[in-house]
Amino acid sequence: REELFIASKLWNCFHHSDDVEETLRETLKNLQLDYLDMYLIHWPIAFKRKVMAPTDSSGISSESELPIAKTWEAMETLVDSKKVTRIGVCNYNTGLLHDLMTYARIKPAMLQIESHPYLTQERLIRLAKDYELNVTAFSPLGALSYLELEMADKTESVLEQDVVKKAASAHGRTPAQVVLRWGIQRGNAIIPKTSKPERMRENLALFDFKLSDEEMQAISDLNMNRRFNDPGHFCEAAFNRFHPIYD
1 REELFIASKL WNCFHHSDDV EETLRETLKN LQLDYLDMYL IHWPIAFKRK
51 VMAPTDSSGI SSESELPIAK TWEAMETLVD SKKVTRIGVC NYNTGLLHDL
101 MTYARIKPAM LQIESHPYLT QERLIRLAKD YELNVTAFSP LGALSYLELE
151 MADKTESVLE QDVVKKAASA HGRTPAQVVL RWGIQRGNAI IPKTSKPERM
201 RENLALFDFK LSDEEMQAIS DLNMNRRFND PGHFCEAAFN RFHPIYD
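If you read the sequence shown in our numbering, its first letter stands for residue 1, the second for the next number, and so on.
Okay, here's the thing in structure tokens:
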């Protein structure tokens, strides 16, 4: 029997903790569902609810003073009410993760982060697994997700790296399949995106081959801590707020 796993994310965009439940109600209505399997805090950044791009008279977006711990507390009530089965977080660094674990009554089930061969995030992933969190890597192909947003350059594609091409040739696979297999073989879930059916089929064909330890290490050695999705850059451009969360 096939089952559909439904997950959704929200920005930490609240002025009051009651906004969490109201936002979930809207999400469930839009999806025509009674509950979600998983609900994630998308960014540890607080703007007032529904104030994502609008600004005040000075052209500055409106930030909320709601502590992120209050948002998590509200998330926990959604589990209590059975409107959500599991809750988790995205884009948390090690400090935020340590802090969350000190006050969370219901521990997060998932950490979703940007991770690819140019941003391996070894320490953060190790810490998450020490806390028994599952890890999902978004943008597992790196720059490809950001070209059309002008947040990356074509020259930054990991698919053009010799070690990736060599592994692709050895296994009779595409460079993209090799990079995605690397992500899975690290023990993470991955969420590549595409609108092309042929790419979807390619992205699914990852479970009948395995990279060697040497190939895994060679791809990991491409790490340069290159982060494409950084609020330290896009918050200022989008919301007129300098709001870095990564050092």
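Ideal placement from N, C-alpha and C gives every residue a C-beta, glycine not left out.
Remember, it's a predicted structure, so these values are computed and weren't measured experimentally.
Beta bridge pairing from DSSP links residue 112 with 90 and 136.
Straight through space, the alpha carbons of residue 75 and residue 20 are spaced by roughly 7 Å.
Classified as exposed, residue 67 has fewer than 16 neighbouring CB atoms from the shown chains inside 10 Å of its CB. Taking residue 151 as the centre and dropping the five residues before and after it, the same chain places the C-beta of 228 closer than 7 Å to its C-beta, in chain order.
Fully contained in the segment 156-209 are the following beta strand (DSSP E) runs of length 3 or more, in chain order: 189-191.
In this structure, residue 83 lies near residue 24, with their beta-carbon atoms less than 8 Å apart. One alpha carbon belongs to residue 245, the other to residue 129, and they sit about 21 Å apart. Three or more Cβ pairs closer than 8 Å define a contact, and the segment 85-103 falls short of that threshold against the segment 172-186. With 16 or more other CB atoms across the displayed protein chains lying within 10 angstroms of its CB, residue 136 is buried. Proximity to residue 132 across 174, 188 and 145 peaks at 188, based on C-alpha coordinates. In the displayed model, residue 147 falls within coil according to three-state DSSP, outside both helix and strand. The beta carbons of residue 119 and residue 203 sit about 19 Å from each other, so the pair does not count as a contact at 8 Å. Approximately 7 Å separates the beta-carbon atoms of residue 34 and residue 28; this is inside 8 Å, confirming the contact.
DSSP lists 116 as the beta-bridge partner residues of residue 119. For residue 107, the three-state secondary structure derived from DSSP is coil. Rounded to whole angstroms, the separation of the alpha carbons of residue 93 and residue 112 is 11 Å. Straight across, the Cα-Cα distance linking residue 145 with residue 139 is about 6 Å.
The C-beta of residue 175 has 16 or more other C-beta atoms within 10 Å across all chains shown, which makes the residue buried.
The Cβ atoms of residue 127 and residue 97 lie closer than 8 Å to each other. The straight-line gap separating the alpha-carbon atoms of residue 156 and residue 164 is approximately 13 Å.
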